[in-house]
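See below for the structure under consideration.
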Amino acid sequence: MGSTDALQIAASEVREYLRFFRELGVEYAAADIGALERTTTVENVIPAPAERQEAVPPPHFKPISFETPAKERPKAGARLAGLPTLGPRPESRKVNAPKGDLTQKMPTQQAATDQSGSGIPTSDETLEQIRADIGPDCSRCKLSTLGRMQVVNSTGNRKAELMFVGEAPGADEDKLGEPFVGRAGQLLTKIIESIGLERKDVFIGNINRCRPPKNRAPESDETAACKPFLLREISVVRPKVIVVLGATAAQNLLETNVPIGKLRGRFHDYYGVKVMPTFHPAYLLRDPSKKRETWEDMKIVRDHLNALKGRKAE
Ligand code: SF4
């Protein structure tokens, strides 16, 4: 690769970072983002030799301020500040399993793939049937008795290539009956838009459908009872990529205790579906410096989906 090519790639990445930060609501950057997008060239990212001694460093080195106004800063010690690792898994996931438990249907991860090349079992269910099976007053786990207002079902495009999975509804979701509609949900919408999609293009759900009290992480018996419904939805939607948001969801879906910081940044396999763990938007609201890593994760997702589209078009 020639030096001009390398510089053009660098300039392109600078533009991408700035666009992403703007999408995510970064309000201050020591650069005119719009002007940079319009005019960034190799020449104005790397100044001519005569100017270099006094040149300002390229904008992706440090200039972006993640300062959050003090009044918006989350209180210390809240929910995701010290994410718990999962407790021991239940002896058998069938103990609290709902009717139609997917553990009956889902093969082990080593199982052979079906003819389409995906390891997800085929399903003749509809999302409506799964929802009806859950029911509006589901009481398969103790979250039904701990103050939830309603069951919050998954939502979105039933033919989505991209699916997002969180941990459990929060207060806003519990009130409105839809996943990711609070501040974290608004940030998720921006993340989706940053890779050129709209919210209506994706499918969004949670491992648990009822709000845990005080927004604590769902416990292992609760996830064991509720996760099979999500797995059945995955069988119906058959996404190409699943983005799992936050440590609790990622560890639950991938059945691991590895911290999110080590899981993120690369694809994992889930019945032949690519899974990208990344930070939960609520965590990004607390620690905006993690937005850069989230962007790296989402770029991998975007590039994979684009490559699949390119292959289809050939
Ligand atoms: S969390 Fe899931 S399994 Fe538990 S009561 Fe709610 S819908 Fe039922």
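Just so it is clear: in the sequence shown, position 3 is 2 by numbering that gives the first Met the number 0, and no numbers are missing.
No residue lacks a Cβ here, since even glycine has one placed at the ideal position from N, Cα and C.
Predicted, not measured: the structure shown is a model, and the values here were computed from it.
{"Asked": "Residue interval of the alpha helix (DSSP H) (run including Ile194)", "Found": "That residue, Ile194, is in no alpha helix (DSSP H); it is neither H nor E in DSSP."}
{"Asked": "Nearest-angstrom Cα separation, counted from Lys141 out to Phe266", "Found": "33 angstroms"}
{"Asked": "Simplified DSSP state of Thr144, which is helix, strand or coil", "Found": "helix"}
{"Asked": "Distance, Ala249 Cα to Ala216 Cα", "Found": "13 angstroms"}
{"Asked": "For Gln7 and Pro280, the rounded distance between their alpha carbons", "Found": "31 angstroms"}
{"Asked": "Neighbourhood of Leu262 by C-beta distance below 6 angstroms, restricted to the same chain and skipping five residues each side", "Found": "Ala249, Pro276"}
{"Asked": "Cβ contact (3+ pairs, closer than 8 angstroms) linking the segment 184-198 and the segment 219-238", "Found": "no"}
{"Asked": "Straight-line Cα distance separating Glu218 from Arg147", "Found": "15 angstroms"}
{"Asked": "Paired residues, beta bridge with Thr125 - DSSP", "Found": "Paired residues: none, contrary to the question."}
{"Asked": "Contact test: Val150 Cβ vs the ligand SF4 heavy atom, cutoff 6 angstroms", "Found": "yes"}
{"Asked": "Pro87 burial status per 10 Å Cβ neighbour count (16 or more: buried)", "Found": "With a pLDDT of only 43 at Pro87, under 50, the local geometry of the prediction cannot be trusted, and no value is derived from it."}
{"Asked": "Limits of the unbroken beta strand (DSSP E) element including Val240", "Found": "240-244"}
{"Asked": "Distance, Val243 Cα to Leu85 Cα", "Found": "Any reading at Leu85 needs caution, since the residue's pLDDT is 38, under 50, leaving its predicted position unreliable; the model's value is listed next. Approximately 16 angstroms between the Cα atoms of the pair."}
{"Asked": "Near the ligand SF4: Ala224 beta-carbon under 6 angstroms from a heavy atom", "Found": "yes"}
{"Asked": "DSSP bridge partner residues for Leu186 (one or two, in chain order)", "Found": "BP columns for Leu186 are empty, so no partner."}
{"Asked": "beta-carbon Asn251 near the ligand SF4 non-hydrogen atom, thresh 6 angstroms", "Found": "no"}
{"Asked": "beta-carbon Arg130 near the ligand SF4 non-hydrogen atom, thresh 6 angstroms", "Found": "no"}
{"Asked": "Contact belief for Thr222 with Asn251 at Cβ below 8 angstroms, rounded distance in angstroms", "Found": "5 angstroms"}
{"Asked": "Burial state of Gly155, where buried means 16 or more other Cβ atoms lie within 10 Å", "Found": "buried"}
{"Asked": "Anticipated Cβ contact below 8 angstroms, Pro211 with Ala183, distance rounded", "Found": "Not quite, the Cβ-Cβ distance comes to about 15 angstroms (not below 8 angstroms), so this is no contact."}
{"Asked": "Option in Phe278, Ala159, Asp173, Arg310 with minimal Cα separation from Ile233", "Found": "Ala159"}
{"Asked": "Spatial distance of Arg208 from Gly309 (CA atoms)", "Found": "36 angstroms"}
{"Asked": "Cβ separation of Glu172 and Val151, assumed to be a contact under 8 angstroms, to the nearest whole Å", "Found": "5 angstroms"}
{"Asked": "Neighbourhood of Arg130 by C-beta distance below 8 angstroms, restricted to the same chain and skipping five residues each side", "Found": "Asn152"}
{"Asked": "Ile119 - DSSP class collapsed to helix/strand/coil", "Found": "coil"}
{"Asked": "For Lys226, the nearest candidate out of Ile191, Gly165, Leu186 (CA to CA)", "Found": "Gly165"}
{"Asked": "Cβ shell of Leu307 (< 8 angstroms), same chain only, five flanking positions each side left out", "Found": "Glu160, Lys239"}
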